[in-house]
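Just below is one structure, and these are the notes that go with it.
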Amino acid sequence: MDDFLKDLNKSQLEAVLYTDGPQLVIAGAGSGKTRVLTYKIAYLLSQGLPPQSILALTFTNKAAREMKERIGRLTDIQTSRHLWMGTFHSIFSRILRYESEAIGFPSNFTIYDSSDSKSLQKSIMKEMQLDDKVYRPGMIQSRISRAKNALITPNIYGNDKDIIQQDNESHIPLMRDIFQRYQNRCEQAAAMDFDDLLLKTYLLFKEHPDILEKYSHFFQYVLVDEYQDTNYAQHRIIQQLCSEMQHITVVGDDAQSIYSFRGANIDNILQFRNIYSGCKIFKLERNYRSTQNIVDAANSLIHKNSGQIEKTVYSEKERGSKICISGSYSDYEEGYAVVGRISDMMRHHYHYSDFVILYRTNAQSRIFEEALRKRGIPYKIYGGLSFYQRSEVKDIIAYLRMIVNPDDEEAFKRVIKFPPRGIGDTTVLKLLSAATDFSVSLWTIICNPSAYKLNINSGTTNKLIAFRDLIQSFIDKELTLNAAEIAQVVIKESGIVNLLYQDTSVEGISKQENMLELIKGISEFCEIHKEEGSTNVRLADFLSEVSLLTDQDNDKDENADKVTLMTVHAAKGLEFTNVFVAGMEEELFPSAMSLDSPRAIEEERRLFYVAITRAQENCIITFAKSRYRNGQTHICTPSRFLRDIDAKYLEIPEDAPANTNIFPIRERFSEPEFHAKETVDKPIVEQHQRLQRIIAPNKRKDNEAPTAQVNSVGITVGSHVQHNRFGDGVVTSIEGNGTDAIAAINFTHFGEKHLLLKYAKLTVL
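In this note's numbering, the protein residues as written are 180 to 944.
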């Protein structure tokens, strides 16, 4: 047996060594899923399988890169470089470029990102004079994306009676026309969006059996990471490739299937064993990340789901702290309470990077940001605007895209007016109209304006010719220059560098820095590829890689000592020493949109499971009794999911406010769980009593706001009071008389505040 296999535990080793047929590896949170995939590929190579015959699919470039590096250390760097390993989109775009002739595209086709797609769709709707309040751009983009991921082409869409009826009922009867025009324009521009990379690959294999046979025999072994996140199109393409050989290993965790809004289908992993006859299931159940208490708590939660593959994850680490449940009077107090707790925990020799604050929606981050800034605690928001999505960077990239593919419509529209050259919106609309009428690209039009009856004056014609000549000069120079060299030529000769350096504001300087960073990035790309043996790194090579980057691939700040703020969805695959899960309230977590669907509720529960299992040592769950949403303060109910965790794994603070019975709950905990019998420890019974005090039933209606004292009646020095924003406090002094009196109140999380009783909304506790 190969020496490197000694690093695996028994379950991991069994999964790695099995190669006799279809294989489903169910990997619990923190169980070494990536290790199994990595070692399995290394094992296949050690058994003589050629690296180029192994196809390994991941969901991020970062995951693929890290796996390839690990495989290189286990085998050798040169061997690992020949593996077909990458994201679904990067691998399939590579196949489509090789087989471009079969699908009627040039091999240098452009890949449109989400903003490119939306921009083109908005242009089409504007040309069709559609109301964007009815045909909302985001909705249109989502509808087209979902159709493609369901392998529905514009032709199928337009001839499906059920779909047409749905569109009519949704008051968007022209949806099929938008879809068809959008696809036509993409083809005219020799462009594919991300969804096309899947759809076109499926159609390529379906319509060209010879090509499918070639790849299904070329790839002797197929491995797929995070299979629970695959959509229908990805699932079907894998079926196509493996229908004959059936040498396939998929790894995933149905308990962490949380991306249905992106098209992920949990049934792909749940039904895998039924689709592939003779499939053998392996379970990785030892968690190497979290303490025993965190793992047990997460198990007690997820076992409430019915749609799952049974497994029992366990940990052999120390028992660890219980999960702390903490309630606050308002979302404002919740933010400051969490940050205050982080500040206190820093005394235990933690680093700021050991903390993450997780929330269900991005809108929740504002209060935490404010509280962190006021405490002087450094933080970063994970998943912010990607470097390559910044306006000035996209402008330069658009020029580079035009060089590789001058028919690229979105790139054309972006650069023709930047820097300003006297070509306005009216001229662009005329170009678009002519391109649509003659079914050609914008570049084709400006190469011969008179041939396409373009109604413009001579001055505008000269400006278009000058622009055409500029782009053509770049195309000619690119033949002898590498990617970094042509990028510098473009930035200088297009006038971009002069335009950016005219702006000396803070924002302008930031744009200059981003421009320089882009040049640096392209130069590094060339240097790296040169070191790997590529003698001439072309611009198309760089664009092919950068067009497939995700936000996770551009997190250059990942090692900084800062508190991390992020949504739970963005946290999947990550781990932190200390995790705060904020906003655990009904209609927030679980989301209000999931309440009418048992299937959606189960996904929300899986999302909560993901949040808890990010924690290595400590997990603190918080909720607020009131939250400001949509211009109003709403009374909140603690999340039903808090009742799904066995209370013996929870900690409720002894000093939980006595007045927290304003948190209504629909059901009490089940009697068998907490009944004080001899088999139940006394501390657990006391724990249950504290939990009931925090989330006890309440007679107030859900939409009824709490009453508040607005005068000094009943308020004296020493009074315990509640403020809607600052929470719990004690009155330390009062100056003045009557409603003009000013009270000094020491609040738990905000320190001393001086409030005028005439306006202070206080409730005496």
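C-beta: ideal position from N, C-alpha, C; glycine also. Since the model is a prediction, treat every value here as computed from it, not as a measurement.
When DSSP states are grouped into helix, strand and coil, VAL716 belongs to the coil group. Distances from the alpha-carbon of TYR314 to those of SER324, ALA326, LYS301 put LYS301 closest. Nearest neighbour of MET264 by Cα position, chosen from ALA235, TYR277, ARG276, THR258, turns out to be ALA235. Rounded to whole angstroms, the Cβ separation of ALA803 and SER509 is 5 Å, and the two are in contact under 8 Å. DSSP links THR743 through a beta bridge to VAL535, LYS559. Checking the DSSP bridge columns, you'll see GLN202 partnered with THR428, LYS459.
Two segments are said to touch when three or more pairs of C-beta atoms, one from each, lie closer than 8 Å; by this definition the segment 765-781 does not touch the segment 462-470. The Cβ neighbour count for GLU782, taken over all protein chains shown within 10 Å, is at least 16; the residue is labelled buried. Within the segment 553-634, the complete alpha helix (DSSP H) segments of 4 residues or longer fall at 570-583, 588-594, 604-617, 621-626, listed in chain order.
Per the DSSP secondary-structure output, SER770 pairs in a beta bridge with GLU766, LEU767. It is roughly 40 Å from the alpha-carbon of GLY337 to the alpha-carbon of LYS642. Secondary structure note for LEU649: its alpha helix (DSSP H) is the uninterrupted segment 637-657. In the three-state DSSP reduction, SER505 falls in the strand class (E or B).
Counting other Cβ atoms within 10 Å of its Cβ, ASP682 stays below 16 and is therefore classed as exposed. Closest option to PRO352, judged by alpha-carbon separation, among LEU330, ASN634, ASP310, LEU299: ASP310. Exclusion of the five residues before and after SER702 leaves ALA663 as the residues of its chain whose Cβ lies within less than 6 Å of its Cβ. In the structure shown, ILE924 falls within a strand segment according to DSSP collapsed to helix, strand and coil. Rounded to whole angstroms, GLU692 and ALA666 show a C-alpha spacing of 15 Å. Of ILE481, GLU278, HIS350, the smallest CA-CA separation from LYS312 is found for HIS350.
For ARG904, the three-state secondary structure derived from DSSP is coil.
Here the alpha carbon of ASP523 sits roughly 45 Å from the alpha carbon of ILE460. Taking 8 Å as the cut-off, the Cβ atoms of LEU821 and MET763 count as close.
Setting aside the 5 residues that flank it on each side, ASN478 is surrounded in the same chain by THR491, VAL492, each with a C-beta closer than 8 Å to its C-beta; the list follows chain order. Nearest neighbour of VAL900 by Cα position, chosen from GLU914, GLY917, ASN916, THR927, turns out to be THR927.
Here HIS813 carries a strand assignment [DSSP, helix/strand/coil]. Counting the other CB atoms within 10 Å of its CB gives PHE284 a total of 16 or more, which places it among the buried residues. In this structure, ILE536 sits away from ILE824, with a CB-CB distance that is not shorter than 8 Å. For GLU796, the uninterrupted beta strand (DSSP E) segment begins and ends at 794-803. By the CB criterion at 8 Å, GLY906 and SER507 fall inside the cutoff. With a threshold of 16 other beta carbon atoms within 10 Å, ALA208 meets it and is buried.
When DSSP states are grouped into helix, strand and coil, LYS932 belongs to the strand group.
Ranked by Cα distance from PHE183, the first of MET354, LEU228, GLU696, GLY251 is GLY251. The beta carbon of LYS709 lies closer than 8 Å to those of VAL716 in the same chain, with the five residues before and after it left out. C-alpha of ASP199 to C-alpha of SER439: approximately 32 Å in a straight line. Between VAL910 and ALA922, the gap from beta carbon to beta carbon is short of 8 Å.
Burial check for LYS327: the Cβ neighbour count within 10 Å reaches 16 or more, so the residue is buried.
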